[in-house]
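Residue numbers (the numbering used here), protein chains in the order written: chain L, 1 to 494; chain B, 1 to 253; chain F, 1 to 216.
Backbone N, C-alpha and C fix where the C-beta goes; we use that ideal spot for every residue, glycine too.
Worksheet: one structure, shown below.
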Amino acid sequence: MTAQAQRRTPAPPPGTYLGMPKFQKNAKEQLANEQLRKNLRHATGTIRAKRAARVDEVPEWEELRLAGEAIKNRTLRHLDTYLVQLEDSLQKAGAKVHWARDAAEANRIVVGLVQAKGVDEVVKVKSMATQEIELNEALEEAGIAAWETDLAELIVQLGHDRPSHILVPAIHRNRSEVREIFLREMKQYGTPAPEDITDDPAELAGAARRHLREKFLRAKVAISGANFAIAETGTLVVVESEGNGRMCLTLPDTLISVVGIEKVLPTFADLEVFMRLLPRSSTGERMNPYTSMWTGVTPGDGPQDVHVVLVDNGRTNALADPQGRPALRCIRCSACLNICPVYERVGGHAYGSVYPGPIGAVLNPQLRGIGHEIDQSLPYASSLCGACFEVCPVRIPIPDILVHLRKEVADHKRGKPKLEPTAMAAAGWVLADHKHFELAERVAGLAARALPNTTFLGPLPWPASAWTRARDLPMPPPESFRKWWRTNRGEEQQ
Amino acid sequence: MTIHAKGITVALFATCINDVMFPGTPKAVVQVLERLGCRVEFPLDQTCCGQMFTNTGYFDAAVPNVRNYVKAFTGYDYVVGPSGSCVGAVRHQHPMLAEHARDAGLGRAVDEVVARTYDLSEFLVDVLGVTDVGAYFPHRVTYHPTCHSVRVAKVGDRPYRLLQAVKGIDLVDLPAADQCCGFGGTFSVKNPDVSVAMASDKARHVMETGAEYLVTGDNACLMNIGGILHRENSGVKTIHLAEILAHTEGGDR
Amino acid sequence: MSAREEILGRVRSALVDVSVSDPVADVPIDWEYGRPTAMPEVLARFVEMCEDYKATVARCDEGSLASRVAELLGSAGVRSVVLPSGVEQPWRQAIESAGITVHGDEPPLSRAELDAIDGVVTAAAVGIAETGTIVLDHAPDQGRRALTLVPDTHLVVVRSDQVVSDVPEAVARLAGAVTDGAPLTWISGPSATSDIELSRVEGVHGPRNLLVVLVG
Numbered sequence: 001m002t003a004q005a006q007r008r009t010p011a012p013p014p015g016t017y018l019g020m021p022k023f024q025k026n027a028k029e030q031l032a033n034e035q036l037r038k039n040l041r042h043a044t045g046t047i048r049a050k051r052a053a054r055v056d057e058v059p060e061w062e063e064l065r066l067a068g069e070a071i072k073n074r075t076l077r078h079l080d081t082y083l084v085q086l087e088d089s090l091q092k093a094g095a096k097v098h099w100a101r102d103a104a105e106a107n108r109i110v111v112g113l114v115q116a117k118g119v120d121e122v123v124k125v126k127s128m129a130t131q132e133i134e135l136n137e138a139l140e141e142a143g144i145a146a147w148e149t150d151l152a153e154l155i156v157q158l159g160h161d162r163p164s165h166i167l168v169p170a171i172h173r174n175r176s177e178v179r180e181i182f183l184r185e186m187k188q189y190g191t192p193a194p195e196d197i198t199d200d201p202a203e204l205a206g207a208a209r210r211h212l213r214e215k216f217l218r219a220k221v222a223i224s225g226a227n228f229a230i231a232e233t234g235t236l237v238v239v240e241s242e243g244n245g246r247m248c249l250t251l252p253d254t255l256i257s258v259v260g261i262e263k264v265l266p267t268f269a270d271l272e273v274f275m276r277l278l279p280r281s282s283t284g285e286r287m288n289p290y291t292s293m294w295t296g297v298t299p300g301d302g303p304q305d306v307h308v309v310l311v312d313n314g315r316t317n318a319l320a321d322p323q324g325r326p327a328l329r330c331i332r333c334s335a336c337l338n339i340c341p342v343y344e345r346v347g348g349h350a351y352g353s354v355y356p357g358p359i360g361a362v363l364n365p366q367l368r369g370i371g372h373e374i375d376q377s378l379p380y381a382s383s384l385c386g387a388c389f390e391v392c393p394v395r396i397p398i399p400d401i402l403v404h405l406r407k408e409v410a411d412h413k414r415g416k417p418k419l420e421p422t423a424m425a426a427a428g429w430v431l432a433d434h435k436h437f438e439l440a441e442r443v444a445g446l447a448a449r450a451l452p453n454t455t456f457l458g459p460l461p462w463p464a465s466a467w468t469r470a471r472d473l474p475m476p477p478p479e480s481f482r483k484w485w486r487t488n489r490g491e492e493q494q
Numbered sequence: 001m002t003i004h005a006k007g008i009t010v011a012l013f014a015t016c017i018n019d020v021m022f023p024g025t026p027k028a029v030v031q032v033l034e035r036l037g038c039r040v041e042f043p044l045d046q047t048c049c050g051q052m053f054t055n056t057g058y059f060d061a062a063v064p065n066v067r068n069y070v071k072a073f074t075g076y077d078y079v080v081g082p083s084g085s086c087v088g089a090v091r092h093q094h095p096m097l098a099e100h101a102r103d104a105g106l107g108r109a110v111d112e113v114v115a116r117t118y119d120l121s122e123f124l125v126d127v128l129g130v131t132d133v134g135a136y137f138p139h140r141v142t143y144h145p146t147c148h149s150v151r152v153a154k155v156g157d158r159p160y161r162l163l164q165a166v167k168g169i170d171l172v173d174l175p176a177a178d179q180c181c182g183f184g185g186t187f188s189v190k191n192p193d194v195s196v197a198m199a200s201d202k203a204r205h206v207m208e209t210g211a212e213y214l215v216t217g218d219n220a221c222l223m224n225i226g227g228i229l230h231r232e233n234s235g236v237k238t239i240h241l242a243e244i245l246a247h248t249e250g251g252d253r
Numbered sequence: 001m002s003a004r005e006e007i008l009g010r011v012r013s014a015l016v017d018v019s020v021s022d023p024v025a026d027v028p029i030d031w032e033y034g035r036p037t038a039m040p041e042v043l044a045r046f047v048e049m050c051e052d053y054k055a056t057v058a059r060c061d062e063g064s065l066a067s068r069v070a071e072l073l074g075s076a077g078v079r080s081v082v083l084p085s086g087v088e089q090p091w092r093q094a095i096e097s098a099g100i101t102v103h104g105d106e107p108p109l110s111r112a113e114l115d116a117i118d119g120v121v122t123a124a125a126v127g128i129a130e131t132g133t134i135v136l137d138h139a140p141d142q143g144r145r146a147l148t149l150v151p152d153t154h155l156v157v158v159r160s161d162q163v164v165s166d167v168p169e170a171v172a173r174l175a176g177a178v179t180d181g182a183p184l185t186w187i188s189g190p191s192a193t194s195d196i197e198l199s200r201v202e203g204v205h206g207p208r209n210l211l212v213v214l215v216g
């Protein structure tokens, strides 16, 4: 990692996502952050309400979801066909297509393309795929400054920080923090924030506009992602709110788009489904302010050197598991994050990945595999309440995939001496046969009779302390139900 | 649709947690069903729905529970359980577990018995066609619709309608009712900090209603929220839906 | 093996469970494309939704269009505009008569030159009532994309027969332009952000003033 003094852009925080401790530990730390919890509760509650109102307006919403699910399923089940068609359409429209097996290869390709232009800076539209592959750091190492232009990404970048939400990445920051970041950092990288700037969001947005405008007007190379890539026509789609997308996609002469292979859709007509599902699900609007659609090169309009980098980086792993595959339907709306009671309380940094929340819990272990502690812990970062499935515009059965991944993790850990498998095996024995069960009940009954005046148990030692640290536990009653039944109704059973 | 209840035989699915920890609930189910003219049997082969194992990723340990369920309940027209969570698990997970066990015969038997499995609220409203079961409970009560009952078993507003019909009840709405209480089975012990944060918020909402009783259709969630309510000396008592429905003007059963 | 071959190979191996080779036969999609959304009055809804997004909306007939355009620009304090080549002559005359400097885009203006111009006037391709969206397909009467991005005021003239009920009809109408390779810009109000504490701020990078004239 290059030292701050020689860097062209602000340094990200030390450590990597994979170096983070597992979810349980992360979560505990994040829970203690009162500011974060307050911001998240307000943010997710607000967006949740907006989404619900917009969805209620559409009587055929459920039909739309089913159509979205089906279109994505058709695409994923025939992904090779559609990728080849996409490549062909792109090339016919004048775009150059590159393929990247993993993050390292994608970065090599992009850095190479930028270097070939002889520039030392690029402007970026927010793209989760480029965050996933950590493109900015690869560019930095090649001496190329990658300026984030999405307001929240700008706040995160200038704040030497990591995003905490897919849609509103800087939600963990309040306005006074943003003001401080702008005052401290903007002057080092371009037009400074005005000395007398207040923490009023309109003024802060104004400072961002001024700071970024000079970059938009001079940049020769832009990097974007894409929300959708249409196989039939070779059209890419970027859905945004601020206009920085339009700036990056149309002003520079060279455009490089990094696109996950799962983003492809079969036909242009399919956008009628997704352009209704996405805005209402993500920002709770009928339509977002700006959507750009472009097909290769348009002579005399916008970039004349257009590249698309198609990235795998673990997507084929997810594709290969029919039960995990539905996670690839994701259109990155973040509705699941906004409804998740766990995410609301711990925020995005606890998940150790660019993709947090419920979708992160099912995507990361599939993209990255379950070798690391953090990916092993993610499938358990859920009470399986099922709210996420209800709001997912493409009906990803997140709770079912979580259970499936828990099985994968349990199998992966099999044979390693640990408390949990032993406890599970013991419980398994008890419940495998009603005679074992009745034996165990007799033991519990004895315990209860030994403590006749106790109705509730207070704090207990570990592992019961996980429960009793904050909650009382009722004592098992002296007589179980089946004992009662046998005693009082036994003669009625055949 | 009303079925003349006399002569209907119901197999009671007590659930393992009720059997051990909350025997009053299945007793209350027996009372309600018999009051409505059903005949109740309790097949002793039953143990557990297995979701504790399934949801922690130990599918092999869950399969014997599927077999026990089939063994206990095959042949009955109606299997009724006082738990949206366990009934939901049986319906949603047992077919998958039979497939996991690669046992087509088990799969067929599961499909048959799953089709006859009801949560108590569903059985009362849909099969017996009643919402007024002759209950009397003159207390202020708030109802938490447990996640699995609503989203997996899909009981909808049946429990609420049954509560509304209880004589003397003062039913108050629970704020943020659709938010999870944080139990999630092993989640409560694997991620205790988040679980407690969720349960505390739920308990706080319960206390805000001024209710004397918190009622749900799932004793596991009740135990979770109740554990906080009790630790905080809130004075709020917990009670299962079946127990309210069993309560009559004759006083305590 | 090239990356392309390897990725496509991985994709194919991943899909061994798929046995029907025709995507359409394999996964039927129960959906009728291009259906209109029911609403009492499409144009009224369009105006209502545009105003909801804080765009200024004016309605007029063909005869008064040019003067209305000039008037609205004047009220917005616009002193210079760029006009795409395909924009109608009467508009140009009315705007010039109002004392506003008119620039053309041939030869194409530089970014710096565009940045110094107050506004842009264009036609449109489609209007979407349900969402208050205006779609440009950058035909000659709309100009290249930079023209409607850099100046701070955008006045767009939408004809009433261009307005459809909702997204499905719009997508159907735009398919031809896309097949011809045209880029599209969907505009729903001025730009906005809610990134700071979820407090909505209008006008970040795109034109901060959106003026809509609905003709006919």
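Distance, Arg406 of chain L Cα to Val110 of chain B Cα: Taking the first residue of the second sequence as position 1, residue 110 of chain B is located at position 110. Taking the first residue of the first sequence as position 1, residue 406 of chain L is located at position 406. Using only the alpha carbons, I get a separation of about 23 Å.
Segment contact, 8 Å Cβ cut-off, at least three pairs: the segment 65-81 of chain F with the segment 105-121 of chain F: yes
Distance between beta carbons of His100 of chain B and Asp472 of chain L, contact taken as under 8 Å: For the purposes of this step, residue 472 of chain L is identified with residue 472 of the first sequence, where counting begins at 1. For the purposes of this step, residue 100 of chain B is identified with residue 100 of the second sequence, where counting begins at 1. That belief does not hold up - the Cβ atoms of Asp472 of chain L and His100 of chain B are roughly 37 Å apart, past 8 Å.
Paired residues, beta bridge with Gly127 of chain F - DSSP: For this step, residue 127 of chain F is matched to residue 127 along the third sequence. In the DSSP output, where bridge partners are listed per residue, Gly127 of chain F has F:Ile134, F:Val163.
Within chain L, the residues that Ser188 of chain B reaches when beta carbons sit closer than 9 Å: Here residue 188 of chain B refers to the residue found at position 188 of the second sequence. Chain L residues near Ser188 of chain B: Ser383, Ala466, Trp467, Arg471.
Where Ala112 of chain F meets chain L, residues with beta-carbon distance less than 8 Å: Here the question's residue 112 of chain F lines up with position 112 in the third sequence. The contacting residues are Leu217.
Proximity winner among F:Phe46, F:Gly104, F:Ala112, relative to Val167 of chain F (alpha-carbon distances): If you number the third sequence from 1, residue 167 of chain F lands on position 167. Minimum Cα distance to Val167 of chain F is reached at F:Phe46.
Distance cut-off 7 Å: Asp77 of chain B Cβ against heavy atoms of the ligand ATP: The ligand content of the structure shown is nil, which means the ligand ATP is not present either.
Backbone CA spacing between Phe389 of chain L and Arg442 of chain L [nearest angstrom]: Working through the first sequence from its first residue, we reach residue 389 of chain L at position 389. Working through the first sequence from its first residue, we reach residue 442 of chain L at position 442. Their backbone Cα atoms lie some 41 Å apart in a straight line.
Own chain partners of Ser97 of chain F with C-beta closer than 8 Å, once the 5 adjacent residues on each side are dropped: For the purposes of this step, residue 97 of chain F is taken as residue 97 along the third sequence, with counting starting at 1. The residues are Ala70.
Neighbourhood of Ser85 of chain F by C-beta distance below 7 Å, restricted to the same chain and skipping five residues each side: As a first step, residue 85 of chain F must be located in the third sequence, where it is residue number 85. If we look at Ser85 of chain F and ignore the five residues flanking it on each side, its Cβ neighbours are Gly104, Asp105, Glu106, Pro140.
Burial state of Asp30 of chain F (16 or more Cβ within 10 Å): Working through the third sequence from its first residue, we reach residue 30 of chain F at position 30. Label assigned to Asp30 of chain F: exposed.
Straight-line Cα distance separating Pro326 of chain L from Pro397 of chain L: Working through the first sequence from its first residue, we reach residue 397 of chain L at position 397. Working through the first sequence from its first residue, we reach residue 326 of chain L at position 326. So the alpha carbons of these two residues sit roughly 7 Å apart.
Helix, strand or coil at Leu124 of chain B [DSSP, three-state]: The count along the second sequence starts at 1 and reaches residue 124 of chain B at position 124. It is helical.
For Pro64 of chain B, the nearest candidate out of L:Glu63, L:Ser377, L:Thr9, L:Ala425 (CA to CA): Within the second sequence, numbered from 1, the residue matching residue 64 of chain B stands at position 64. Ranking the options by Cα distance to Pro64 of chain B, first place goes to L:Ala425.
8 Å Cβ cutoff met for Thr47 of chain B and Asn68 of chain B: For the purposes of this step, residue 47 of chain B is taken as the residue at position 47 of the second sequence. For the purposes of this step, residue 68 of chain B is taken as the residue at position 68 of the second sequence. Cβ atoms of Thr47 of chain B and Asn68 of chain B: closer than 8 Å.
Backbone secondary structure at Ala466 of chain L - three-state DSSP: To locate residue 466 of chain L, count along the first sequence from 1; it is residue 466. Here Ala466 of chain L sits in helix by DSSP.
Interface flag, Gly317 of chain B vs chain L, CB-CB below 8 Å: A query on residue 317 of chain B cannot be resolved here, the shown segment of chain B reaching from 1 to 253 and no further.
Rounded C-alpha distance that separates Met1 of chain L from Leu167 of chain L: Taking the first residue of the first sequence as 1, we reach residue 1 of chain L at position 1. Taking the first residue of the first sequence as 1, we reach residue 167 of chain L at position 167. At Met1 of chain L the pLDDT is 49, less than 50, meaning the model places this residue with poor confidence; the figure from the coordinates comes in the next sentence. Cα to Cα, Met1 of chain L sits roughly 28 Å from Leu167 of chain L.
Spatial neighbours of Glu113 of chain F in its chain, beta-carbon cut-off 6 Å, leaving aside the 5 residues before and after: Residue mapping note: residue 113 of chain F aligns to position 113 of the third sequence, counting from 1. Same-chain partners within the cutoff: there are none.
Residues in the segment 267-281 of chain L having any Cβ partner in chain B nearer than 7 Å: none
Terminal residues of the beta strand (DSSP E) in which His98 of chain L lies: Along the first sequence, one-based indexing puts residue 98 of chain L at 98. 96-100 is the span of the beta strand (DSSP E), which, as asked, contains His98 of chain L.
Cβ distance (whole Å) where Leu255 of chain L is taken to contact Phe228 of chain L below 8 Å: Here residue 255 of chain L refers to the residue found at position 255 when the first sequence is read from its first residue. Here residue 228 of chain L refers to the residue found at position 228 when the first sequence is read from its first residue. With 8 Å as the limit, Leu255 of chain L and Phe228 of chain L do not qualify as a contact, their Cβ atoms being about 16 Å apart.
Closer than 8 Å to chain F by CB, Ala70 of chain L: Here residue 70 of chain L corresponds to residue number 70 of the first sequence, with the count starting at 1. For Ala70 of chain L, the answer is yes, since a Cβ of chain F falls inside 8 Å of its Cβ.
Contacts that Ser194 of chain F makes with chain L (C-beta to C-beta distance below 8 Å): One-based indexing of the third sequence puts residue 194 of chain F at position 194. What Ser194 of chain F touches in chain L: Val168, Ser241, Thr283.
Partner residues on chain F for Glu34 of chain L, Cβ-Cβ distance less than 9 Å: As a working note, residue 34 of chain L is residue 34 in the first sequence. By Cβ distance, chain F contributes nothing, its closest Cβ being about 15 Å from Glu34 of chain L, past 9 Å.
Exposure label - Glu48 of chain F; buried when at least 16 CB within 10 Å: Looking up residue 48 of chain F in the third sequence gives position 48. Glu48 of chain F comes out exposed.
Contact under 8 Å by Cβ, His205 of chain B with Leu171 of chain B: As a working mapping, residue 205 of chain B is identified with position 205 in the second sequence. As a working mapping, residue 171 of chain B is identified with position 171 in the second sequence. Contact: no.
Nearest neighbour of Val114 of chain B, chosen from B:Thr142, B:Asp77, B:Val133 [CA to CA]: For the purposes of this step, residue 114 of chain B is taken as the residue at position 114 of the second sequence. Answer by Cα proximity: B:Asp77.
Burial state of Ala423 of chain L (16 or more Cβ within 10 Å): Stepping through the first sequence from its first residue, residue 423 of chain L is reached at position 423. Label assigned to Ala423 of chain L: exposed.
Contacting residues, own chain, Cβ-Cβ under 7 Å from Ala220 of chain B (five flanking each side not counted): Translated into positions along the second sequence, residue 220 of chain B becomes position 220. Taken in chain order, the residues that qualify are Ile17, Ser85, Phe183.
6 Å CB neighbourhood of Asn317 of chain L in its chain, flanking five on each side removed: Locating residue 317 of chain L in the first sequence gives position 317, where the first residue counts as 1. Taken in chain order, the residues that qualify are Gln366.
CB contact below 8 Å: Thr179 of chain F versus chain L: For the purposes of this step, residue 179 of chain F is taken as residue 179 along the third sequence, with counting starting at 1. Thr179 of chain F counts as touching chain L.
Cut-off 6 Å between Cβ atoms - residues of its own chain near Arg329 of chain L, not counting five sequence neighbours on either side: Counted from its first residue, the first sequence places residue 329 of chain L at position 329. Closer than 6 Å at Cβ, skipping near neighbours: Lys72, Val394, Ile396.
Inter-stretch contact (C-beta, 8 Å, three-pair minimum) for the segment 149-166 of chain L and the segment 223-239 of chain L: no
Near-chain F residues of the segment 177-207 of chain L (beta-carbon distance less than 8 Å), N- to C-terminal order: Val178, Pro201, Ala202, Leu204, Ala205
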